[in-house]
Amino acid sequence: MYECIEVVGKGSLNGSVVAGGAKNAALPLLMATLLTDEPVTLSNVPALEDITHVRQLLEALGSQMDLHRIGLDGGAVTIQTKELSRHSASHSLIKALRASFWILGPLLARCGEAQVSLPGGDIIGARPVDIHLEALTAMGANIELKHGVVFATAPHGLRPAHITFRYPSVGATHQILMVAARISGTTIIEGAAREPEIESMAELLSRMGAHIEGAGTSRILISGTPHLSGTSLDLIGDRIEAGTYLCAGVATRGKVTVNGVRPAHVGKLLDIFSEMGCEIERGNNSITVDAQHDLRGVSVTTGPFPELATDLQAPLLAALCTVEGESSVEETVYEARFRHVAELWRLGAHIELSDRCARIIGTPRLSGAAVEGHDIRAAASLVVAGLAAEGSTFISEPHHLRRGYERLEEKIAALGGTICNRIADAEDLMFSGC
Ligand code: UD1
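Under numbering that gives the first Met the number 0, residues 0 to 433 are what the sequence shown spells out, in order.
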């Protein structure tokens with residue numbers, strides 16, 4: 000017996016939901032609060048397991064947390080770290096969430112030294128941190144790798160630098176923005192990531208007292224100050240969560256509106272839906288996708304923003320499995336991000352996989368099955384496909400969904416779909432006809 004999520008299929012999703020605050024903005028912004036000893040308040044923080052994890056990491060380092068209405072829409076948290084009780088983060092703290100590694104920069108900037116466990120690879124690929132470490136070295140840090148731990152010191156202080164990234168790494172851009180914001184002088188990052196979450200980081204650091212130009216472009220200039228102050232910021236809506244609900248609407252040929260998210264942040268996905276034959280309405284802070292049409296297959300490629308987000312590859316691929324004709328999906332960001340394909344096969348999807356490319360022959364006849372969600376977005380793709388399939392789909396390892404989708408059952412219900420928690424053996428549930 001174990002926990003699984005039952006997704007009841009074959010009804011089209013219609014209606015509107017509100018996107019929560021962006022998880023991938025909240026995680027680094029929580030870490031950026033370490034750069035000051037004054038209180039920083041973040042609002043529209045989603046109640047997700049990944050957020051709880053980073054809060055626990057900060058508490059272990061000496062931060063005081065004041066939670067206001069966490070768990071409801073627009074939960075807020077005030078964090079103050081008057082003094083750091085330590086400047087190290089062990090493997091047990093880092094391994095649960097790779098992004099925890101980004102704590103290295105704020106610790107080093109504030110304490111002049113830091114020891115943080117290497118994140119290692121994970122299920123979607125190798126995920127190295129060489130870009131982070133090369134940039135910190137250019138800023139005057141001494142970096143040593145021993146026993147799986149990064150030992151960083153800055154015996155002569157950190158200095159501004161002119162850094163060129165070989166790839167627009169999201170994590171490295173966050174990390175160097177945080178460090179540069181606390182150093183006097185101007186740091187330039189060339190080849191920076193352009194994701195909306197980077198603009199959020201720049202906004203927070205500017206409110207704390209740094210001067211930042213170019214966030215959202217590939218060249219960012221940061222003029223920092225050692226005396227960053229407390230401030231507050233309301234998080235942007237989660238473009239990946241929003242995109243997932245829109246994919247579910249498309250897979251079920253419904254009409255779904257997501258409020259609380261800027262269309263430009265979802266970007267390329269909406270162009271892809273248009274090419275498939277959907278009608279798109281872009282509001283200031285809302286998106287409607289009407290998929291009640293004959294749809295056609297498309298060829299898509301993931302890439303750094305503004306290209307199709309790798310985090311939306313799995314949910315989109317699931318939607319494309321329902322579209323008659325041929326589609327293809329190329330994954331350029333992570334080498335091993337196709338583990339959902341084997342699970343989608345169990346639902347009857349026709350997908351051929353070669354290296355980093357999936358060729359899909361769409362079918363309107365997916366059928367519910369017992370499947371495993373290997374990571375957050377893989378599990379989300381199974382929700383999307385399950386909603387479009389005949390019968391029920393049982394997804395084991397549902398904790399992955401809790402990492403990235405706040406109140407999933409409630410939001411799917413608002414769109415007319417059904418998802419519920421089950422404690423059972425998924426295969427047994429199928430054969431008992433539940
Ligand atoms: C972040 C997001 C993740 C998203 C990804 C790409 C969060 C918490 N995570 O992850 O959801 O899928 O961006 O948009 O916001 N790389 C290197 N060396 C490095 C760093 C990265 O080679 O030092 C490579 C990675 O292996 C990968 C690519 O660069 O192939 C992208 O990585 P990066 O942008 O750093 O992703 P993350 O920050 O880990």
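Positions of the beta carbon are idealized from the N, C-alpha and C atoms, including for glycine.
These numbers come from a predicted model, not from an experiment.
query, result
"Which of helix, strand or coil does DSSP assign to residue 291?", "coil"
"Under the three-state reduction of DSSP, which class applies to residue 1: helix, strand or coil?", "strand"
"Nearest to residue 165 by alpha carbon, out of 133, 158, 145, 181?", "133"
"Which residue's Cα is closest to the Cα of residue 75: 81, 126, 67?", "67"
"Buried or exposed, going by whether 16 or more other CB atoms sit within 10 Å of the CB of residue 71?", "Because residue 71 sits at a pLDDT of 47, beneath the cut-off of 50, its placement in the model cannot be relied upon, and the point is left open."
"With distances taken Cα to Cα, identify the nearest neighbour of residue 183 among 211, 99, 195, 189.", "211"
"Any heavy atom of the ligand UD1 inside 7 Å of the beta-carbon of residue 332?", "yes"
"Grouping DSSP H, G and I as helix and E and B as strand, with all else coil, what is residue 233?", "strand"
"Taking 7 Å as the line, does the beta carbon of residue 424 fall inside it for any heavy atom of the ligand UD1?", "no"
"For the ligand UD1, is there any heavy atom lying closer than 7 Å to the beta carbon of residue 44?", "no"
"With respect to the beta strand (DSSP E) encompassing residue 64, which residues constitute its N-terminal and C-terminal limits?", "63-67"
"Under a Cβ-count criterion, where at least 16 other Cβ atoms within 10 Å of its own Cβ denotes burial, should residue 320 be classed as buried or exposed?", "buried"
"Can you name the residues that DSSP bridges to residue 23?", "Looking at the DSSP assignment, residue 23 forms no beta bridge with any residue, so it has no partner."
"Regarding residue 309 and the ligand UD1, is the C-beta to nearest heavy atom distance less than 7 Å?", "yes"
"What is the rounded straight-line gap between the Cα of residue 437 and the Cα of residue 383?", "Residue 437 is absent from the structure shown; the chain starts at 0 and stops at 433."
"Apart from the five residues just before and just after residue 104, which ones in its own chain have a Cβ nearer than 6 Å to its Cβ?", "174, 177, 178"
"To which residues does DSSP link residue 13 through a beta bridge?", "254"
"Taking the C-alpha atoms as reference points, what is the distance between residue 422 and residue 130?", "43 Å"
"Using the beta-carbon count (16 or more within 10 Å), is residue 363 buried or exposed?", "exposed"
"Tell me where the beta strand (DSSP E) around residue 357 begins and ends.", "356-361"
"Quick one: residues in its chain with C-beta nearer than 6 Å to the C-beta of residue 101, no 5 flanking neighbours on either side, listed in chain order?", "27, 30, 170, 173, 174"
"State buried or exposed for residue 376, treating a residue as buried only when at least 16 other CB atoms are found within 10 Å of its CB.", "buried"
"Just how far apart, CA to CA, sit residue 186 and residue 223?", "8 Å"
"Have a look at 117, 205, 126 and flag the residue whose alpha-carbon is nearest the alpha-carbon of residue 147.", "117"
"Leaving out five residues before and five after residue 286 in sequence, what residues of the same chain have Cβ atoms less than 8 Å from its Cβ?", "241, 245, 256, 257, 260, 262, 265, 269, 279, 280"
"State the Cα-Cα distance for the pair residue 197 and residue 355, rounded to the nearest angstrom.", "27 Å"
"Just to check, is the beta-carbon of residue 373 closer than 7 Å to a non-hydrogen atom of the ligand UD1?", "no"
"For residue 379, which residues in the same chain have their Cβ closer than 6 Å to its Cβ, ignoring the five residues on either side in sequence?", "243, 314"
"Going by C-alpha to C-alpha distance, which of 79, 63, 59 sits closest to residue 93?", "59"
"Would you decide whether residue 277 is buried or exposed? Buried here means 16 or more other CB atoms lie within 10 Å of its CB.", "buried"
"Can residue 129 be considered in contact with the ligand UD1, in the sense that its beta carbon sits closer than 7 Å to one or more heavy atoms?", "yes"
"Measuring straight from C-alpha to C-alpha, what distance separates residue 88 and residue 114?", "6 Å"
"Report the partner residues of residue 419 according to the DSSP bridge assignment.", "5"
"Quick one: grab the DSSP three-state call for residue 97.", "helix"
"With three or more C-beta pairs closer than 8 Å as the rule, is the region 3-20 touching the region 154-164?", "no"
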